[in-house]
Ligand SMILES: Nc1ncnc2c1ncn2[C@@H]1O[C@H](COP(=O)(O)OP(=O)(O)OP(=O)(O)O)[C@@H](O)[C@H]1O
Ligand SMILES: [Mg+2]
């Protein structure tokens, strides 16, 4: 039998143990491949440099570096663990006459075989999802036309080269575990009954202090404190997690063990003792997975919060479905007619046209655009209530930004309005319910009573008047509107934009789509990277579970002989696996909750619920992966349980 | 009435091209309620295999095991498990202790599985531990105690729930003569209180506590001895029978015959 056959047979025998490892490596390959397909796409390479696709491709390039580095690190650790878990087997092989060179070749060949399978699997999956990936890109981003599917030789070459190198280095590095040892040392690695983990109260207390301290710091409601805390809190909580996963868990289980009422029942009795027994060999994996999950949840929670908050801000900031700012009365009339015609052509409904001839002035420090109360009272605004009518000598100042705290009106305060040479004393109420008009150079809006307003505009020289055409209403969204805007926007910019002064044309939908696609890109790329991290984290616990399957089988076999039925054993085995899987997830969720609390402080609004949403999505993913793993685990465990009929 | 019956039991190991071993070969036996039965025979004669078949933790190739009048082949899986848990105590040749449990917890396991109240469990565990000299090591783990202590723990676990049938596979194999005597006295007491005991042993001294001894060779019953007279006389007859049966038992006589 050749070494290749021996290696292939070894791998096949322990295929279930390697499954998650191969799957997570293949996930990394697949995502790297998909990203490369866009990065090297001819439309992106030779296309418009600042197009949305080029923007996405730049992000993906950075993402690929992260993925390659992370994959390298986690595969290195995982592969070393594999070889380590089989040292005894290698010792037996060398006693049976395999030379050192042959043994090393065998291990190398095994590593390369696994790498090859992962690479092939990843590329196959990549090819399978290629069309879907390009569909998603085209759907998510406002591109002129969908990008055609592409996977040229550079994509293949690049992926194979990078991951081939990674697998090669990882396989060579794994030889370390064996290369310096003689057969006797290898055999001695045989597992003796494990020592029961002792724990130090001191470590448990320190771990708890570090985590709680980090939480407290993150929960301080002062942005400066939070910003200063980012690095120290991350370090504190990470170190605390590892300490808690060992000393803390052992302490908690030891405590449970002394509670006879809880402990002396079949489930707790066996589960608690067995988990305590296994902690020594598993706490590192549990800690790593908890921290990785916390990072994933926090990153995605932050991405989602940023997306929602900023897209909302963009929409709030542009209340008018369409706003034209034109130099003269006649231009305004012609433009309004043109817009109405184009809207009608595309079948846009649900918009009302308003005309506003106005001027600017200064109220104290602030440049203001004037508006009549009748307009203010009839235009829907993002937040807040419309204030009661103003009399001559009174005014309402509308602030351009909605303060995070709330939208409560204040006033009145005495202030002086300067228009041209005129100075008008006013009693001014503040309205923080968001803009009335789309952004203008004079960014505050001052609402006057209709007659004062009309008289002021009347006295304004023609050159200083601003002619606004406004469309408001629920019809601002939709496919038809998008088409209409594509026709209108470029025309008005071409015709009226002078390089300075107010934008001649602005639209709510444009603002919305602009924000959504820029932030959506970040979210999209983050999602892909997080999947690689997620797969790697999951495969770590999976590997721990399957590494100990021989011990577990002996354990359950004994319990079977002592009179536990097959059904009870299954429940016990899956229950124990469920606890092992859920501990790091719960810890990760708690960590990320405090991170989201800190983010809430920074964003000055609560974003906790976005964190919960992300956690819920990953819980589903985790649950599905666990369900599959549990089935596989039980199927691998069962044949060894010598029970009736086995 | 017979508490345990085996009819035509056969167990063949090793299929698929390898040489098959008939570990137990068409063997029948009957055990009466309250009996103290010994099984002796050379190493490899099939004693452990037979005991496993009787305990229903192994499946015979042919033949039936009838426990308390019920054919085990017709019992459901969970019924069998319940039987093993409630009615049966098994002292394994290799102890079969759980490494993750302390000595105390190992002994308590059958009671916990049976959902007895914690206070009752504690009291009963301490009582058995006292009988078997384990009181001082109750909170240690199996790998922290000697082979003999592990064996006594296995014995304690097998009798802690006062089972109707105790199957013991070489329960004194690792014990000095004093501990062996203590254990045999505990088993005898249990037997006097009504438990049926089937014990495999190489040790003629331990065997002399039995009421009846079956000698097994190559998976078949070779001969049978019944104790009528005093124990020392019975002990002599066991030695004679062992000399007759030959095989590897000779050395174990030298070791265990003290
Ligand atoms: N799992 C197994 N697979 C194959 N053969 C087995 C197995 N278990 C036992 N045997 C064989 O069956 C025969 C009887 O074994 P068994 O363990 O019942 O002997 P024993 O009488 O208990 O011996 P000892 O006194 O040494 O414990 C032996 O030849 C043994 O090699
Ligand atoms: Mg035996």
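Chains as they are written, first to last, in our numbering: chain A, 1 to 646; chain B, 1 to 258. Think of the CB as a built atom: it goes at the ideal place given N, C-alpha and C, for glycine as much as any other residue.
Taking the alpha-carbon of residue i as reference, which of the options has the nearest alpha-carbon?
| i | options | result |
| --- | --- | --- |
| residue 161 of chain B | B:227, B:123, B:5 | B:123 |
| residue 146 of chain B | B:108, B:60, B:210, B:103 | B:103 |
| residue 120 of chain A | A:345, A:105, A:156, A:528 | A:156 |
| residue 78 of chain B | A:575, A:567, A:601, A:333 | A:567 |
| residue 603 of chain A | A:543, A:494, A:301 | A:301 |
| residue 117 of chain B | A:261, A:250, A:614 | A:261 |
| residue 57 of chain A | A:353, A:71, A:33, A:74 | A:33 |
| residue 430 of chain A | A:422, A:414, A:419 | A:414 |
| residue 638 of chain A | A:581, A:133, A:554 | A:554 |
| residue 115 of chain A | A:615, A:18, A:312, A:306 | A:18 |
| residue 191 of chain B | B:174, B:207, B:166 | B:166 |
| residue 517 of chain A | A:55, A:44, A:376 | A:55 |
| residue 313 of chain A | A:13, A:27, A:509, A:83 | A:509 |
| residue 419 of chain A | A:434, A:388, A:365, A:360 | A:360 |
| residue 34 of chain B | B:69, B:241, B:228, B:193 | B:193 |
| residue 208 of chain B | B:108, B:181, B:216 | B:181 |
So is residue i buried or exposed if we call it buried at 16+ other beta carbons inside 10 Å?
| i | result |
| --- | --- |
| residue 563 of chain A | buried |
| residue 445 of chain A | buried |
| residue 394 of chain A | buried |
| residue 125 of chain B | buried |
| residue 428 of chain A | buried |
| residue 190 of chain A | The predicted model places residue 190 of chain A with a pLDDT of 49, which falls under 50 and marks its position as unreliable; any figure quoted below should be read in that light. So residue 190 of chain A ends up on the exposed side. |
| residue 269 of chain A | buried |
| residue 60 of chain B | buried |
| residue 234 of chain B | buried |
| residue 19 of chain B | exposed |
| residue 139 of chain A | exposed |
| residue 391 of chain A | exposed |
Going along the chain, which residues of its own chain have a beta-carbon closer than 8 Å to the beta-carbon of residue i, five neighbours each way excluded?
| i | result |
| --- | --- |
| residue 173 of chain A | 76, 79, 80 |
| residue 374 of chain A | 450 |
| residue 218 of chain A | 226, 229, 233, 594, 595, 597, 598 |
| residue 32 of chain B | 1, 2, 3, 196 |
| residue 222 of chain A | 601 |
Looking only at its chain, what residues have a beta carbon closer than 7 Å to the beta carbon of residue i, apart from the 5 residues adjacent to it on each side?
| i | result |
| --- | --- |
| residue 251 of chain B | Confidence at residue 251 of chain B is low in this model, with a pLDDT of 43, below 50, so the placement of that residue should be treated as unreliable; the coordinate-derived value is given next. Nothing meets the Cβ criterion. |
| residue 487 of chain A | 342 |
| residue 207 of chain A | 240, 243, 244, 247, 248 |
| residue 238 of chain A | 291 |
| residue 600 of chain A | 606, 607, 608 |
| residue 155 of chain B | 91, 132, 171, 183 |
| residue 61 of chain A | 39 |
| residue 4 of chain A | 109 |
| residue 93 of chain A | 103 |
| residue 6 of chain A | 106 |
In chain order, what residues of the same chain lie with their CB nearer than 6 Å to the CB of residue i, ignoring the 5 residues before and after it?
| i | result |
| --- | --- |
| residue 425 of chain A | 416 |
| residue 595 of chain A | 298 |
| residue 542 of chain A | 20, 629 |
| residue 214 of chain A | 233, 236, 237 |
| residue 528 of chain A | 31 |
| residue 496 of chain A | 504 |
| residue 50 of chain B | 24 |
| residue 523 of chain A | 303, 307 |
| residue 452 of chain A | 392 |
| residue 507 of chain A | 322, 485 |
query: Looking at C-beta atoms only, is the number of pairs between the stretch 476-485 of chain A and the stretch 430-444 of chain A that lie closer than 8 Å three or more?
result: no
message: With a threshold of 8 Å, are at least 3 pairs of Cβ atoms found where one atom belongs to the stretch 327-340 of chain A and the other to the stretch 608-628 of chain A?
response: no
query: Contact between the stretch 85-97 of chain B and the stretch 161-172 of chain B: three or more CB pairs below 8 Å?
result: yes
- request: Indicate whether the contact test is met: 3 or more Cβ pairs, each with one atom in the stretch 27-42 of chain A and one in the stretch 490-500 of chain A, closer than 8 Å.
  value: no
field: Residues with C-beta closer than 5 Å to any heavy atom of ligand 1, in chain order
entry: Neighbourhood of ligand 1, defined by CB distance below 5 Å to any of its heavy atoms: B:13, B:21, B:23, B:43, B:44, B:45, B:46, B:47, B:48, B:49, in chain order.
query: Are there three or more Cβ pairs, one per stretch, closer than 8 Å when the stretch 123-136 of chain A is compared with the stretch 67-75 of chain A?
result: no
message: Using a Cβ distance threshold of 8 Å, determine whether the stretch 106-122 of chain A contacts the stretch 569-586 of chain A, with at least three qualifying pairs required.
response: The stretch 106-122 of chain A, when compared against the stretch 569-586 of chain A, does not touch it at the 8 Å Cβ threshold.
query: Taking one C-beta from the stretch 219-237 of chain B and one from the stretch 19-28 of chain B each time, how about it: are there three or more such pairs within less than 8 Å?
result: yes
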